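**Q** Quick one: the structure is below, and I'll ask about it shortly.
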């Protein structure tokens, strides 16, 4: 084997190893779609977890209110042991302090020791009892029924709030996602301009060598290249920060340091967003009547629930001024007079509030004011919700129109760059004009990217409100 053949083999092996290394690097990439990010946010976002906990708490409160329909059963026990008997009865305690009772007491005191008994009767030195009671509410002024209705409204409100949190969270995740995509598109634009400047630098270098251009032109190109390098560094840093913000919101683990990269914790630079800008349809493809949309909003549902809750709370206050009726039963065992006793009873409990009528009347008036206030807020906020839907639509139309203008600007800027490049090569315009045209092309391209992201963001907010889909 000659040296030339060995050299060729070495080069082939080197290229093969580089290809294998590149392939291995590509396999470590993690690609995230927008839908995956939305699903991860719905599963891991802290606000959504808290909203689910609020819903569980509301359901538990509803079960708590439901238990008021059932009887309450309680077990009671009591016992005591005194140093001395609490009851001690003699002859004089029964007959009084008379001559007859004194004589009789004297006889008893003489005969009692002979008979092995005490001259006095003592008891209640110790005792105990145990009982089980049951109380079934029959009528409580409607407070049990209204309490259950209020608890059911609480579950409905918690579920509605959870839907709102889910919607706002996914909107925020999508906004962050497209912000990263926008920065990556701008980074791609800088790459294209850098390629153009590389070509221009070669042309200017050749022209300088031939005496057709000055060294100042070459320096201007080099300054522009450095400007693009600085912009690239800023955008790359912005991409990392935006990724960190989004990954935190969806609950995905990452590390910003390549040396800490593991299978479970990837480096942030290895996480790639796979969705791209494109496939945008005009607004009329998604239009829905704002009045119909406003009625179906979760916020509108919350306003309805707020008014209903105030009315139920008022009914509960009225119930506090009504009688309470309950029936019950009790059965127990006792031993207080040195005798075992088993007994049971059934009873009816009636409680009629008398002195609180004035206080309850004022409280009802207070709730009447709160109900009117809630109805006024519902009327105003309902119109505001409809206005928000209409504003979203107007923003969507405006964003689409700006998108078309920015697209036309790119076409114009590209034509200007081509024309000035030809004129510069022909020596008809200075280099500064060509560089300025390239800067304008970059600005137009970045503006188009921003308009695409703005349109997608507004469109997602509109579709989340209308229930539509892209």
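Residue numbers (mature numbering (1 follows the signal peptide of the UniProt record, and there is no 0)): -24 to -1, 1 to 446. We treat Cβ as the ideally placed atom computed from N, Cα and C, and that holds for glycine. Note that the coordinates shown come from a computational prediction; the quantities given were computed from them, not determined experimentally.
Quick one: what's got a C-beta closer than 8 Å to residue 190's C-beta in the same chain, skipping five residues either side?
**A** On the chain shown, residue 190 is found 214 positions in, with the first residue counted as 1. Counting only Cβ-Cβ distances below 8 Å, and skipping sequence neighbours, we find 184.
**Q** Of the residues 4, 393, 84, 155, which one's Cα is nearest the Cα of residue 408?
**A** Residue numbering aside, residue 408 sits at position 432 when the chain shown is read from its first letter. Ranking the options by Cα distance to residue 408, first place goes to 393.
**Q** Please go through the region 243 to 329 and give each complete beta strand (DSSP E) segment of 3 or more residues, from N-terminal end onward.
**A** DSSP runs (the beta strand (DSSP E)) wholly in the region 243 to 329: 247 to 249, 300 to 311, 316 to 327.
**Q** Could you check the C-alpha separation between residue 247 and residue 434 for me, to the nearest Å?
**A** The residue given as residue 247 occupies position 271 in the chain shown. The residue given as residue 434 occupies position 458 in the chain shown. Taking the straight line from one Cα to the other gives about 26 Å.
**Q** May I ask you to report which of helix, strand or coil DSSP gives residue 99?
**A** The residue you call residue 99 lines up with position 123 of the chain shown. Residue state, collapsed to three classes: strand.
**Q** Taking the beta strand (DSSP E) that residue 405 falls in, what are its first and last residues?
**A** Mapped onto the chain shown, residue 405 falls at position 429. Neither: residue 405 is in no beta strand (DSSP E) and is coded neither H nor E.
**Q** Mark residue 259 as exposed unless 16 or more other C-beta atoms lie within 10 angstroms of its C-beta, in which case mark it buried.
**A** Along the chain shown, read from residue 1 onward, the residue named residue 259 stands at position 283. That one is buried.
**Q** Should residue 55 go down as buried or exposed, given a rule of 16 or more other Cβ atoms within 10 Å for buried?
**A** The residue you call residue 55 lines up with position 79 of the chain shown. So residue 55 counts as exposed.
**Q** Just verifying my parser: in three-state terms, what is the DSSP assignment at residue 457?
**A** Given a span of -24 to 446 for the chain in the structure shown, any question on residue 457 remains unanswerable.
**Q** What's the C-alpha gap between residue 373 and residue 151?
**A** Start at 1 with the first residue of the chain shown, and residue 373 comes out as number 397. Start at 1 with the first residue of the chain shown, and residue 151 comes out as number 175. Computed Cα separation, rounded: 18 Å.
**Q** Using alpha carbons as the reference points, say which of 239, 386, 339, 251 lies closest to residue 14.
**A** Residue mapping note: residue 14 aligns to position 38 of the chain shown, counting from 1. Nearest option by C-alpha distance: 251.
**Q** Leaving aside the five residues before and after residue 300 along the sequence, list all residues of the same chain whose C-beta is less than 6 Å from its C-beta, in chain order.
**A** Counting from 1 along the chain shown, the entry for residue 300 is found at position 324. These residues qualify, in order along the chain: 116, 327.
**Q** What are the complete beta strand (DSSP E) segments, minimum 3 residues, inside the region 137 to 210?
**A** Entirely contained in the region 137 to 210, not one beta strand (DSSP E) run reaches 3 residues.
**Q** Taking DSSP's pairing of strands, which residues face residue 55 in a bridge?
**A** On the chain shown, position 79 is the one that residue 55 refers to. According to DSSP, which records beta bridges pairwise, residue 55 is partnered with 104.
**Q** Anyone know if the C-beta pair for residue 175 and residue 418 falls short of 7 Å?
**A** One-based indexing of the chain shown puts residue 175 at position 199. One-based indexing of the chain shown puts residue 418 at position 442. No, these two residues do not count as a Cβ contact at 7 Å.
**Q** CB-CB under 7 Å to residue 169, same chain, minus the five flanking residues each way: which ones, in chain order?
**A** Mapped onto the chain shown, residue 169 falls at position 193. 204, 414, 418, listed in sequence order.
**Q** Report yes or no: do the region 310 to 319 and the region 115 to 131 share at least 3 C-beta pairs separated by less than 8 Å?
**A** Contact fails: fewer than three Cβ-Cβ distances are below 8 Å.
**Q** Using only the alpha-carbon positions, how far apart do residue 426 and residue 253 sit?
**A** In the chain shown, the residue the question calls residue 426 occupies position 450. In the chain shown, the residue the question calls residue 253 occupies position 277. Rounded to whole angstroms, residue 426 to residue 253 spans 10 Å at the Cα level.
**Q** Spatial neighbours of residue 266 within its chain, please: C-beta separation below 8 Å, excluding the five flanking residues on both sides.
**A** As a working note, residue 266 is residue 290 in the chain shown. 362, 365, 366, 369.
**Q** Counting only the same chain and skipping the five closest in sequence on each side, list residues whose C-beta sits under 7 Å from that of residue 83.
**A** Mapped onto the chain shown, residue 83 falls at position 107. None.
**Q** Count the CB pairs spanning the region 215 to 233 and the region 138 to 155 that are closer than 8 Å, and state whether there are at least three.
**A** Verdict: yes, contact present.
**Q** Excluding the 5 residues preceding and the 5 following residue 155 in the sequence, name in chain order all residues of the same chain whose CB lies nearer than 6 Å to its CB.
**A** On the chain shown, residue 155 is found 179 positions in, with the first residue counted as 1. Excluding residues within five positions, the ones whose Cβ falls inside 6 Å are 218.
**Q** Within 10 Å of its beta-carbon, does residue 273 have 16 or more other beta-carbons around it, so buried, or fewer, so exposed?
**A** For the purposes of this step, residue 273 is identified with residue 297 of the chain shown, where counting begins at 1. Buried: at least 16 other Cβ atoms inside 10 Å.
**Q** Which of the three DSSP states is assigned to residue 230 in this structure?
**A** Start at 1 with the first residue of the chain shown, and residue 230 comes out as number 254. Here residue 230 sits in coil by DSSP.
**Q** On the three-pair Cβ rule with 8 Å, is the region 41 to 58 touching the region 101 to 117?
**A** Counting Cβ pairs under 8 Å, three or more are found: they touch.
**Q** Which class does residue 50 belong to by DSSP, given the choice of helix, strand or coil?
**A** Position 74 of the chain shown, counted from the start, is the residue given in the question as residue 50. Three-state result, residue 50: strand.
**Q** Is the region 344 to 363 touching the region 273 to 291 in the sense that three or more CB pairs, one from each, lie closer than 8 Å?
**A** With the cut-off at 8 Å, the region 273 to 291 and the region 344 to 363 touch.
**Q** To the nearest angstrom, how far is the alpha carbon of residue 94 from that of residue 88?
**A** Against the chain shown, residue 94 aligns to sequence position 118. Against the chain shown, residue 88 aligns to sequence position 112. C-alpha separation (whole angstroms): 6 Å.
**Q** Going by the beta-carbon positions, is the gap between residue 386 and residue 428 smaller than 7 Å?
**A** Residue mapping note: residue 386 aligns to position 410 of the chain shown, counting from 1. Residue mapping note: residue 428 aligns to position 452 of the chain shown, counting from 1. Contact flag unset, no.
**Q** Would you kindly work out how many angstroms separate the C-alpha atoms of residue 377 and residue 432, rounded to a whole number?
**A** Within the chain shown, the letter at position 401 stands for residue 377. Within the chain shown, the letter at position 456 stands for residue 432. Each residue's Cα considered, the two are about 13 Å apart.
**Q** From the DSSP secondary-structure annotation, give me the bridge partner or partners of residue 115.
**A** To locate residue 115, count along the chain shown from 1; it is residue 139. In the DSSP output, where bridge partners are listed per residue, residue 115 has 301.
**Q** Closest to residue 307 by C-alpha separation, out of 109, 118, 269, would be which residue?
**A** Indexing the chain shown from 1 puts residue 307 at position 331. Of the candidates 109, 118, 269, the one whose C-alpha sits nearest the C-alpha of residue 307 is 109.
**Q** Rounded C-beta distance between residue 130 and residue 12? I'm assuming under 8 Å.
**A** Position 154 of the chain shown holds residue 130. Position 36 of the chain shown holds residue 12. About 34 Å; that fails the 8 Å criterion.
**Q** Is DSSP giving residue 6 helix, strand or coil here?
**A** Residue 6 sits at position 30 when you count from the first residue of the chain shown. In the structure shown, residue 6 sits in a strand (DSSP, three-state: E or B).
**Q** Where does residue 135 sit, in a helix, a strand or coil, going by DSSP?
**A** Position 159 of the chain shown, counting from 1, holds the residue named residue 135. Helix at residue 135.
**Q** Report the rounded CA-to-CA distance for residue 135 versus residue 161, giving the unit in angstroms.
**A** Taking the first residue of the chain shown as 1, we reach residue 135 at position 159. Taking the first residue of the chain shown as 1, we reach residue 161 at position 185. Rounded to whole angstroms, residue 135 to residue 161 spans 39 Å at the Cα level.
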